[in-house]
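Each remark here refers to the structure printed beneath this line.
Protein chains: 2
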Amino acid sequence: MNKDLNSKGKPDIVAVAKAAGVSISTVSRSFNHPELLKPATRKKIDRAVQRVGYIRNRAAQVMHGRRTATIGLVVPTIDNAIFAELIQSFSAELDANGFTMLIASHGFDLDREYQMLRKLMEHRVDGIAVIGLEHSEASYKLIEQQDLPAVAIWNYAQGARLPCVGVQNLKAGRMAAQHLLDLGHRDIGLIFPETDGNDRAKDRLLGASEALQRAGVEVPADWQLEAPYNIAEAKRASASMLRHSSRPTAILCGNDIIAQGVLFAARSGGLDVPRDLSVMGIGDFKGSAEFEPSISTIRIPARQIGIVAAKLILDSVANLPENPNAFECDLVLAARGSTIRIK
Amino acid sequence: MNKDLNSKGKPDIVAVAKAAGVSISTVSRSFNHPELLKPATRKKIDRAVQRVGYIRNRAAQVMHGRRTATIGLVVPTIDNAIFAELIQSFSAELDANGFTMLIASHGFDLDREYQMLRKLMEHRVDGIAVIGLEHSEASYKLIEQQDLPAVAIWNYAQGARLPCVGVQNLKAGRMAAQHLLDLGHRDIGLIFPETDGNDRAKDRLLGASEALQRAGVEVPADWQLEAPYNIAEAKRASASMLRHSSRPTAILCGNDIIAQGVLFAARSGGLDVPRDLSVMGIGDFKGSAEFEPSISTIRIPARQIGIVAAKLILDSVANLPENPNAFECDLVLAARGSTIRIK
DNA sequence: CGAATCTATGAAAACATTTGCAAAACTATT
DNA sequence: AATAGTTTTGCAAATGTTTTCATAGATTCG
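Residue numbers (the working numbering), protein chains in the order written: chain G, 32 to 374; chain B, 32 to 374.
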């Protein structure tokens with residue numbers, strides 16, 4: 032039986048100390064303050080670490096007030112082009128700072144979101160990030176009461192209850208609508224995801240509706256559809272609208288995935304985009320620019336948002352002096368091939 | 032100053048005990064063995080927990096040999112349609128069993144992968160999942176030496192060094208090629224991602240080449256391209272091949288993203304798919320079926336793989352009796368609109 | 001050469017929790 | 001009312017690490 036193992040079968044700092052013939056404190060110091068050690072001792076310890084296969088135990092460090100060096104991220108779903116892009120950049124930025132990401136998804140269920148937050152807090156994450164600004168009162172209370180550094184990603188709003196990094200989805204909706212209006216469209220269809228528990232979609236729809244109304248454009252009920260975040264469903268949903276002889280000249284979609292569905296539906300129905308129909312997206316997902324026709328959309332800089340959010344939360348964890356607690360990322364109109372001036 | 036807080040400002044079990052007027056052990060038991068407590072005591076404690084806002088500290092539990100209830104996942108990148116799907120289902124299955132996912136990405140760099148593995152081990156994950164079966168010797172050694180439950184996802188191979196759940200990418204490549212051969216194609220182009228450090232792509236390419244060779248089909252060097260996992264690049268890369276007067280009648284792509292790029296390139300170049308060109312993908316990503324034309328591909332059941340992998344690792348963590356240590360998921364040919372029999 | 005100063009190392013307390021063991025508080029049985 | 005048995009609770013040790021304080025050696029200097 033190997034004496035270099037603790038009760039759980041993993042070598043611990045004691046095993047290293049024994050193997051190196053030094054005290055426990057010295058081993059600990061070799062990790063945390065190597066400059067205090069005699070080079071020879073350091074070498075002895077390094078070799079012992081190698082020999083016994085020691086890996087530091089964060090749990091034990093955490094008990095001394097050390098950070099866990101983990102950040103929790105709670106998202107509606109990982110499996111979603113634009114979130115994936117965000118998650119990747121967020122995680123990469125954390126990695127670059129020695130942090131690790133704990134992730135949990137709730138499937139657009141705000142009660143589950145609360146549960147996930149609790150779960151992450153049990154793991155004593157040093158900070159927490161959530162998507163959007165719409166959360167259950169319980170979730171907000173929890174974050175405030177635990178006094179945990181937090182950041183809301185994706186939505187920007189002045190006076191938000193949490194520090195936030197993102198865009199004004201209201202503005203995104205407005206810009207998308209304005210682009211179609213500028214091109215002379217008046218017969219406009221709307222296809223948006225369900226807005227319940229999804230303030231991003233809610234705001235976009237609101238912004239778009241507002242802009243249209245202000246321009247005196249009314250959208251008949253049967254030109255206003257709901258479709259999930261899903262090409263197949265969006266294709267199906269829009270197909271019905273496009274089959275009709277009285278169809279809109281343009282369709283404004285809540286996101287680029289829906290726009291893709293609409294483009295496929297149009298193609299499948301023998302309509303040429305943009306000649307017969309203009310299609311507008313929101314988001315500018317990967318591939319939207321390469322689509323044929325290329326998708327006109329409002330660019331949301333997911334990558335940038337992820338990086339900025341990570342920096343913000345890390346600063347906050349490190350207790351850096353008053354960083355701005357809200358950061359608005361710019362939206363830009365990407366006018367491309369799927370929209371055209373009406374004749 | 033609130034006396035219900037520990038040195039770090041978070042209420043601990045002592046605070047709860049004090050607030051409930053019971054001993055620390057009793058509070059601990061109320062979480063771990065509630066059936067041992069008098070219902071009245073339990074209630075008192077529950078209320079105290081509420082009152083002081085206590086959240087259990089996993090780090091401290093871990094020190095007693097408790098599981099961390101975390102599983103580490105190391106992927107090349109999160110930001111990738113098919114991995115995202117896998118990650119989502121893997122994570123959901125873990126969640127359902129009370130586990131949390133720690134995730135790290137290495138950007139197709141096997142040395143970084145090793146670093147990430149170490150990092151996750153410092154967090155004392157109960158098990159670890161990696162993508163594919165190609166890893167540095169150091170990584171394999173590390174996993175073996177730490178004796179950590181592990182699973183390799185995505186690739187299946189008999190006699191693999193790790194338990195694995197996935198498909199035979201070799202077979203996928205072969206099936207894709209066979210489909211084109213069955214349709215009478217002999218002039219076939221290949222566009223695959225870089226195969227270095229990516230055994231999935233390597234195997235697919237190998238399988239495809241093998242099948243073609245066996246059928247006596249030779250692929251000229253300028254019909255064999257490398258493209259990253261990226262619609263834009265794939266579109267650009269294939270455009271050059273398609274412009275040539277002597278172009279293949281079919282293109283076999285290493286994955287569906289590349290296939291999408293090729294489809295857009297064809298469209299952009301005025302070629303009709305499948306009339307002028309057949310395009311074959313591998314993977315069957317979300318949206319491939321809805322594409323216009325729908326993409327012929329080899330279906331890899333990402334969702335299923337994620338769930339099975341999660342179950343396997345959880346079983347392994349729970350030390351369940353000898354589960355099969357390799358699980359092959361079925362590949363099916365999805366013959367759709369982007370491929371057609373040659374005239 | 002002895003005192004003073006530095007440098008390198010070790011001993012032990014502290015961190016938040018779990019758990020084996022023992023004591024206390026009830027219940028049931030005579 | 002005393003005893004035996006059962007249920008409920010508390011005490012204290014243990015977990016793996018960091019860190020403060022103390023000490024042993026090494027170095028400098030008059």
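Beta carbons: idealized from backbone N, C-alpha and C, even for Gly.
Cut-off 7 Å between Cβ atoms - residues of its own chain near residue i, not counting five sequence neighbours on either side
{"i": "G/M32", "result": "The pLDDT assigned to G/M32 is 40, lower than 50, so where the model puts this residue is not dependable; a value taken from the coordinates is nonetheless given after this. Cβ within range, chain order: n/a, list empty."}
{"i": "B/I344", "result": "I102, G158, A160, P180, V182"}
{"i": "B/P107", "result": "S136, H137, G138, F139, I162"}
Straight-line Cα distance separating residue j from residue i
{"i": "G/S221", "j": "G/L362", "result": "Sequence check: residue 221 of chain G is Leu here, not Ser. The alpha-carbon atoms of G/L221 and G/L362 are separated by roughly 20 Å."}
{"i": "B/E168", "j": "B/A181", "result": "15 Å"}
{"i": "G/K202", "j": "G/G238", "result": "6 Å"}
{"i": "G/P305", "j": "G/I371", "result": "6 Å"}
{"i": "B/S277", "j": "B/K233", "result": "27 Å"}
{"i": "G/A115", "j": "G/W185", "result": "13 Å"}
{"i": "G/A50", "j": "B/W254", "result": "59 Å"}
{"i": "G/V53", "j": "B/M147", "result": "29 Å"}
{"i": "G/V83", "j": "B/L117", "result": "35 Å"}
{"i": "G/D230", "j": "G/E165", "result": "6 Å"}
{"i": "B/D77", "j": "B/D178", "result": "39 Å"}
{"i": "G/N356", "j": "G/L133", "result": "23 Å"}
{"i": "G/K266", "j": "G/D218", "result": "20 Å"}
{"i": "B/A270", "j": "G/A270", "result": "31 Å"}
{"i": "G/C195", "j": "B/F322", "result": "36 Å"}
{"i": "G/L404", "j": "G/H210", "result": "One cannot answer for residue 404 of chain G here, as it falls past the ends of chain G, which runs 32 to 374."}
{"i": "B/L364", "j": "B/I113", "result": "17 Å"}
{"i": "G/N200", "j": "G/G247", "result": "22 Å"}
{"i": "G/Y85", "j": "B/L151", "result": "14 Å"}
{"i": "G/A296", "j": "G/I262", "result": "10 Å"}
{"i": "B/T280", "j": "B/A207", "result": "15 Å"}
{"i": "G/A366", "j": "B/I282", "result": "31 Å"}
{"i": "G/V45", "j": "G/R143", "result": "42 Å"}
{"i": "G/T328", "j": "G/R149", "result": "37 Å"}
{"i": "B/V198", "j": "G/L193", "result": "44 Å"}
Check whether residue i and residue j have beta carbons under 9 Å apart
{"i": "B/L294", "j": "B/P324", "result": "yes"}
{"i": "G/G103", "j": "G/V156", "result": "yes"}
{"i": "G/R330", "j": "G/G318", "result": "no"}
{"i": "G/K55", "j": "G/V105", "result": "Here residue 55 of chain G is Ile; the residue named in the question, Lys, does not match the sequence. Cβ distance not < 9 Å, so G/I55 and G/V105 don't count as in contact."}
{"i": "B/N128", "j": "G/E153", "result": "no"}
{"i": "G/I109", "j": "G/S136", "result": "yes"}
{"i": "G/E395", "j": "G/R205", "result": "Not covered by the structure: residue 395 of chain G. The range shown for chain G is 32 to 374."}
{"i": "B/S170", "j": "B/L141", "result": "yes"}
{"i": "G/A90", "j": "B/A90", "result": "yes"}
{"i": "G/G376", "j": "G/A320", "result": "For chain G, the structure presents residues 32 to 374; residue 376 of chain G sits outside this window and is missing."}
Neighbourhood of residue i by C-beta distance below 6 Å, restricted to the same chain and skipping five residues each side
{"i": "G/V80", "result": "V47"}
{"i": "G/G368", "result": "P324, S325"}
{"i": "G/A290", "result": "C284, V310, G312, I326"}
{"i": "B/E359", "result": "Y187"}
{"i": "B/A341", "result": "F121, E124, L125"}
{"i": "G/P332", "result": "C360"}
{"i": "B/G215", "result": "R372, I373"}
{"i": "B/T131", "result": "T101"}
{"i": "B/E264", "result": "A258"}
{"i": "G/G228", "result": "F139, L141"}
Own chain partners of residue i with C-beta closer than 8 Å, once the 5 adjacent residues on each side are dropped
{"i": "G/V348", "result": "R98, I102, D157, G158, P180"}
{"i": "G/P224", "result": "A232, E257, A258, P259, Y260, G285, N286, I289"}
{"i": "B/P65", "result": "R73"}
{"i": "B/T226", "result": "A232, K233, L236"}
{"i": "G/L68", "result": "T57, R60, S61, I76"}
{"i": "G/L302", "result": "L273, L308"}
{"i": "B/A191", "result": "L164, A183, A357"}
Any non-hydrogen atom of the ligand COA within 8 Å of residue i CB
{"i": "G/F139", "result": "Among the components modelled here there is no ligand, and therefore nothing to report on the ligand COA."}
query = Which full runs of the beta strand (DSSP E) of 3+ residues lie inside the region 167-204 of chain B, going along the chain?
reply = Runs found: 181-186, 195-198.
message = Measuring CB atoms only, is the region 330-347 of chain G touching the region 296-310 of chain B, in the sense that at least three cross pairs come out at less than 8 Å?
response = The region 330-347 of chain G, when compared against the region 296-310 of chain B, does not touch it at the 8 Å Cβ threshold.
message = Suppose only complete runs of 4+ residues qualify. What are the alpha helix (DSSP H) ranges in the region 69-150 of chain G, listed by chain order?
response = Fully enclosed alpha helix (DSSP H) runs of 4 or longer: 70-83, 89-93, 112-127.
Runs of beta strand (DSSP E) wholly within the region 255-282 of chain G (minimum 3 residues, chain order) = Listed in chain order, the complete beta strand (DSSP E) runs (minimum 3 residues) inside the region 255-282 of chain G are 255-257.
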